[in-house]
Amino acid sequence: MTIWSHEDPVPGIFNDGAFPVDRPVLVRQTMGELVIEDKSTGELLARWPLGTLRPVPDAGYPNTLRLRQREGEGGRLAILDRAFNEGLTEWWPGLRRRLVFDRSVLRTASRVSLAAFLGLGLFFLALLPVLGQMAAYLVSPRLERQAAHVFLRHGDPLLERIEVARTCDTQIVSPILDKLIEPLRVASGWPESIRIRVIDDALPNAASIPGGKIVIFDGLLEFARNGDEVAGILAHEIGHLAERHGMRNLFVTSLNFFGFDQLLGNFSGQLVVHPVGGLLLTRREGRHAEYEADRSAIRMLNKAGFPVRPLADFLDRIAYLQGEREVARGWLSTHPLSQTRSRMIRDAAPEDGRPPVLTAAEFSQLRAVCATQMPERTVPPPAATFNDGNNERPHYQKNGARPQERAPDPDAADEGEDRGEEGQADVTAPEDQGRKKPDLGEWDTGG
Amino acid sequence: MLSGTAGKHGDPVGRGGPGKPSGRKCTIRVESGVAISSTRGGKAQDAVTRPAFRKGLWRLTVLVLLNSLFEFLSLGLYRFWARSRLRRFYWNHAVIDGAPLEYDGRGIELLSGFLRTLALLLIPGGVVFVAAIALVGRGALVGPADFAFMLVLLPLIPMALYTARGYRLSRTYWRGIGFYQDGSAWRYTLIWMAWLMVCLLTIGLAVPWRNVAAQRYRVGHTIYGDMRFGFTGRGSGLIAAWIVPWLCGAGAAGFAAAAVLSEGGGRFTPGAPEWALGLALAFAVFFIRYRTVEFRYFARHTQLGPLRFRSRLRSPAVVTLILPHLAVAMGLIALNVALMVQLAQTVLKTQPAVMTADMVLFLGLLLLSILVLTILVTLSYNLLVRYGLLRAVCRSLEIENLHALADAAPAHAPRPRRGEGFAEAFDMGAL
Numbered sequence: 001m002t003i004w005s006h007e008d009p010v011p012g013i014f015n016d017g018a019f020p021v022d023r024p025v026l027v028r029q030t031m032g033e034l035v036i037e038d039k040s041t042g043e044l045l046a047r048w049p050l051g052t053l054r055p056v057p058d059a060g061y062p063n064t065l066r067l068r069q070r071e072g073e074g075g076r077l078a079i080l081d082r083a084f085n086e087g088l089t090e091w092w093p094g095l096r097r098r099l100v101f102d103r104s105v106l107r108t109a110s111r112v113s114l115a116a117f118l119g120l121g122l123f124f125l126a127l128l129p130v131l132g133q134m135a136a137y138l139v140s141p142r143l144e145r146q147a148a149h150v151f152l153r154h155g156d157p158l159l160e161r162i163e164v165a166r167t168c169d170t171q172i173v174s175p176i177l178d179k180l181i182e183p184l185r186v187a188s189g190w191p192e193s194i195r196i197r198v199i200d201d202a203l204p205n206a207a208s209i210p211g212g213k214i215v216i217f218d219g220l221l222e223f224a225r226n227g228d229e230v231a232g233i234l235a236h237e238i239g240h241l242a243e244r245h246g247m248r249n250l251f252v253t254s255l256n257f258f259g260f261d262q263l264l265g266n267f268s269g270q271l272v273v274h275p276v277g278g279l280l281l282t283r284r285e286g287r288h289a290e291y292e293a294d295r296s297a298i299r300m301l302n303k304a305g306f307p308v309r310p311l312a313d314f315l316d317r318i319a320y321l322q323g324e325r326e327v328a329r330g331w332l333s334t335h336p337l338s339q340t341r342s343r344m345i346r347d348a349a350p351e352d353g354r355p356p357v358l359t360a361a362e363f364s365q366l367r368a369v370c371a372t373q374m375p376e377r378t379v380p381p382p383a384a385t386f387n388d389g390n391n392e393r394p395h396y397q398k399n400g401a402r403p404q405e406r407a408p409d410p411d412a413a414d415e416g417e418d419r420g421e422e423g424q425a426d427v428t429a430p431e432d433q434g435r436k437k438p439d440l441g442e443w444d445t446g447g
Numbered sequence: 001m002l003s004g005t006a007g008k009h010g011d012p013v014g015r016g017g018p019g020k021p022s023g024r025k026c027t028i029r030v031e032s033g034v035a036i037s038s039t040r041g042g043k044a045q046d047a048v049t050r051p052a053f054r055k056g057l058w059r060l061t062v063l064v065l066l067n068s069l070f071e072f073l074s075l076g077l078y079r080f081w082a083r084s085r086l087r088r089f090y091w092n093h094a095v096i097d098g099a100p101l102e103y104d105g106r107g108i109e110l111l112s113g114f115l116r117t118l119a120l121l122l123i124p125g126g127v128v129f130v131a132a133i134a135l136v137g138r139g140a141l142v143g144p145a146d147f148a149f150m151l152v153l154l155p156l157i158p159m160a161l162y163t164a165r166g167y168r169l170s171r172t173y174w175r176g177i178g179f180y181q182d183g184s185a186w187r188y189t190l191i192w193m194a195w196l197m198v199c200l201l202t203i204g205l206a207v208p209w210r211n212v213a214a215q216r217y218r219v220g221h222t223i224y225g226d227m228r229f230g231f232t233g234r235g236s237g238l239i240a241a242w243i244v245p246w247l248c249g250a251g252a253a254g255f256a257a258a259a260v261l262s263e264g265g266g267r268f269t270p271g272a273p274e275w276a277l278g279l280a281l282a283f284a285v286f287f288i289r290y291r292t293v294e295f296r297y298f299a300r301h302t303q304l305g306p307l308r309f310r311s312r313l314r315s316p317a318v319v320t321l322i323l324p325h326l327a328v329a330m331g332l333i334a335l336n337v338a339l340m341v342q343l344a345q346t347v348l349k350t351q352p353a354v355m356t357a358d359m360v361l362f363l364g365l366l367l368l369s370i371l372v373l374t375i376l377v378t379l380s381y382n383l384l385v386r387y388g389l390l391r392a393v394c395r396s397l398e399i400e401n402l403h404a405l406a407d408a409a410p411a412h413a414p415r416p417r418r419g420e421g422f423a424e425a426f427d428m429g430a431l
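Here the protein sequences line up with chains G and P, keeping their order.
If you read the first sequence in this note's numbering, its first letter stands for residue 1, the second for the next number, and so on.
If you read the second sequence in this note's numbering, its first letter stands for residue 1, the second for the next number, and so on.
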């Protein structure tokens, strides 16, 4: 390597780092060193080997190169000769650091961006769900109940509806409900009693409230063909409870808020990444939770000796109802495709030939008592939590005709479902021999 | 290109100063960013140095835009580096006696300090969060729990400010010699909190004493080389300037309270809202005036060995920088909101409630317009408020006996390795 050489002295300004005094100097390069001498007296002030030179970011002064020997305190040398500086920076381009832009800025920016994307992926896909799940299991059902109460109380209209929900605990029905719930509860390992509430709503839906409460829309009872299907749905909801999905959702949301918003700052972090990333995260978490709940439902149903396939039948009917609407929703949806879920359940549960959980008479009784106020009424708009922003929900009509035809819309169900920490709500809809065929509209569907 | 404009103009930026070996006085001109001493014999003149602030609006504009671009591309993570580079720019444009200030902080230091603080904040935050649910239970006391958490967070503000100041000083050099800050962030926090209580009890009348107490601690623990700064100011020296803004502020608060109470069924006070608004505006203007008076007072009572400081900063110079920025920012926000309302109406009219391509387009435009707004407001803030104010402040300063600094030796004090920590977590470490 040729060492650049410049024997003629050029003017400069030097301070030795010991005292804040600038001295006019003459600088020349000999034998791989910058030799710095006092301009007037010729006194040798310093010798800086070329290899020790470091740049001082240049504020854009023309024809000036500012150098130092190390970071922090110490001597500074400003060389004022253009040709000398050009030779020096040609020999080592890194010696010129500009304030506004140079190659090192691009290098830093690209590294930081890469790190941000890697960190983002790691955080969203690995750290957050794992931490959330770990934290969720640490919380007792009692605490979970309190948390649900606290957070539902703050702005979730679902709670208002649950407060006016019926208990459906009559002398006749209670034993029937127990027959459905108790074996599943024992199978799930959920340590406390599970309370069932019924909401007057035509939509075939059910939701689990963290802490041990399941809310059934009476539409579900009306649309279910038998007790086995109801048992399947209940098992799915108990799965949400036992897997602590509500609590995990709460932790993930909070961690996302505290950790990631903070990390990314308010520029593109809170403006872009939080809404988009948060949306995708809740969607992904939602789908993940549905599969988990299905898997644990299968486990519970098997353990309790209940037939498993009716749950798949149920989902099949929903898939049929939804038709092409489900296509292409993919990663934007909170719920996975019903077809995929039913396929998974069928794969896991071969024809078992197990006896029905409830007799036809018991199921009729359950339906008669708990779903008494069913059809022929106008259903009020659903609570905002379940709503996608469209309050024009189709009314349930006994004659089975669709109230209005809509164009299939894959994205319709995806707005406004960030229900934060509360329970997993699931909409289910059977087709009942052509008797009733509800239009699920923009509702999110899935068992 | 505006580079080196100070040099081109050849403004004398100071007299006296170096020349330690010969002991003679020199005239220093900024030329090519370094001091060119033209030694001059003759009798010693009184040595007053006026710092300069070099022009660099175009460079700053490019820097801010580049920073915004990189911040966006890096999902916001680049902001630590962006802040370091901005500081380096501002520091480098302040020229004292021909030599620019140097800022040597790095983005990675700010990031690691921030991460550490985040971890420190997340743990107590999580504990309070769970405790609130466990203890408060039914949710009736969530409000008070939030308030308690805020009270816990409050002392972190002065602590953050003090630590951040220490970090910035420790990365600041002039002529190869560094500044640093000693003292205890805890003690500063104690002073800050105690005076905050006094201010609350006196409805704000004690503000000058509070500011002086804080400034005394900060300045008294600032060191350059091996020389310590000193502060001799007293709160009573500022009370005359504080009375008018204080009266305006108290009046505005009183009328606002009256207006709110009369809304709630109390006795109607005619004209209360108008009075409240008018007095609030008057408060804003007089408060800026107070802060300039305070700045001059602080400068006058700051010492560094034999060095003395003076400032000729006037409030009109400050107001003419801040008001245009506010006008620009508010105008941009209003424009943005109007645009969005217009777009929303158009989109929602055509396709109610169904997520369509129009909606996606609308959301995209919304994000884009917010991003552009953010960039423009950041630009205006940097050009008008930061650059403008720093320039005004620098050029208003006068330093006496700067040459005495020739006796200051580097202290090689231990420097904090991490960045500003709390200040970053609260996004307060602006400059």
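The beta-carbon is built from N, C-alpha and C at its ideal position, and this holds for glycine as well.
Following the DSSP letters along the chain, one finds Lys213 (chain G) inside the beta strand (DSSP E) bounded by residues Lys213 to Phe217.
For the region 371-404 of chain P, residues whose beta-carbon sits nearer than 8 Å to a beta-carbon of chain G comprise Leu371 and Thr374.
Taking a Cβ-Cβ cut-off of 7 Å, the neighbours of Ser74 (chain P) in chain G comprise Ala109, Val112, Ser113 and Ala116, given in sequence order. By the neighbour-count criterion, in which a residue is buried when 16 or more other Cβ atoms sit within 10 angstroms of its Cβ, Ile199 (chain G) is buried. Take the alpha-carbon of Phe179 (chain P) and the one of Ser380 (chain P): they are about 30 Å apart.
Contact between the region 149-159 of chain P and the region 48-59 of chain G is not established, with fewer than three Cβ pairs separated by less than 8 Å. Here the region 107-115 of chain G makes no contact with the region 29-40 of chain G; the two share fewer than three CB pairs at distances below 8 Å. Fewer than three Cβ pairs drawn from the region 167-178 of chain P and the region 197-205 of chain P lie within less than 8 Å of each other, which leaves the two stretches out of contact.
The C-beta of Glu43 (chain G) has fewer than 16 other C-beta atoms within 10 Å across all chains shown, which makes the residue exposed. Note that the C-beta distance between Met300 (chain G) and Ser174 (chain G) is not below 8 Å. DSSP places Thr292 (chain P) within a helical segment (H, G or I) once states are collapsed to three. Going by DSSP, Ile209 (chain G) is part of the beta strand (DSSP E) stretching over Asn205 to Ile209. A straight line joining the alpha-carbon of Leu115 (chain P) with that of Lys55 (chain P) spans about 35 Å.
The C-beta of Glu73 (chain G) comes closer than 8 Å to at least one C-beta of chain P. DSSP lists no bridge partner for Ser315 (chain P). Under DSSP, the beta-bridge partners assigned to Ala99 (chain P) are P:Ile96.
Here the region 384-404 of chain P lies against the region 301-314 of chain P, with 3 or more beta-carbon pairs under 8 Å apart. In the DSSP assignment, Asp228 (chain G) falls outside any beta strand (DSSP E) and within the unbroken alpha helix (DSSP H) covering Gly227 to Ala242. Contact between Phe14 (chain G) and Leu77 (chain G) holds: CB atoms are separated by about 5 Å, below the 8 Å threshold. Counting only the Cα atoms, Ala206 (chain P) lies some 22 Å from Phe255 (chain P).
At a cut-off of 8 Å between C-beta atoms, Leu125 (chain G) does not count as an interface residue with respect to chain P. Contact of Asp102 (chain G) with chain P is not assigned, every C-beta pair being separated by 8 Å or more. Per the C-alpha coordinates, the member of P:Arg234, P:Arg218, P:Met193 and P:Gly235 positioned closest to Arg228 (chain P) is P:Arg218. Secondary structure of Trp174 (chain P) (DSSP, three-state): strand. Counting every other CB atom within 10 Å of its CB across the protein chains shown gives Ser184 (chain P) a total below 16, marking it as exposed. DSSP places Glu7 (chain G) within a strand segment (E or B) once states are collapsed to three.
Using a Cβ-Cβ distance cut-off of 8 Å, the region 127-140 of chain G and the region 98-116 of chain P are not in contact, since fewer than three pairs of beta carbons, one from each stretch, lie closer than that value.
Runs of the alpha helix (DSSP H) lying entirely within the region 61-97 of chain G, each at least 4 residues long, are 82-91 in chain order.
In this structure, Ile181 (chain G) sits near Leu234 (chain G), with a CB-CB distance shorter than 8 Å.
Under the DSSP assignment, Glu71 (chain P) falls outside any beta strand (DSSP E), being part of the alpha helix (DSSP H) whose first and last residues are Leu57 to Leu73.
For the region 290-323 of chain P, there are no residues whose beta carbon sits under 9 Å from a beta carbon of chain G. For Val56 (chain G), the residues of chain P that pass the 7 Å Cβ criterion are Glu102, in the order they occur in the chain. Annotated three-state conformation of Ile333 (chain P) is helix, per DSSP. In this structure, the straight-line span from the alpha carbon of Gly331 (chain P) to that of Ala272 (chain P) is close to 28 Å.
Close to chain P, meaning a Cβ-Cβ distance shorter than 8 Å, is no residue of the region 193-227 of chain G at all. The continuous stretches of alpha helix (DSSP H) do not include Asp38 (chain G), which lies in the beta strand (DSSP E) extending over residues Glu33 to Asp38.
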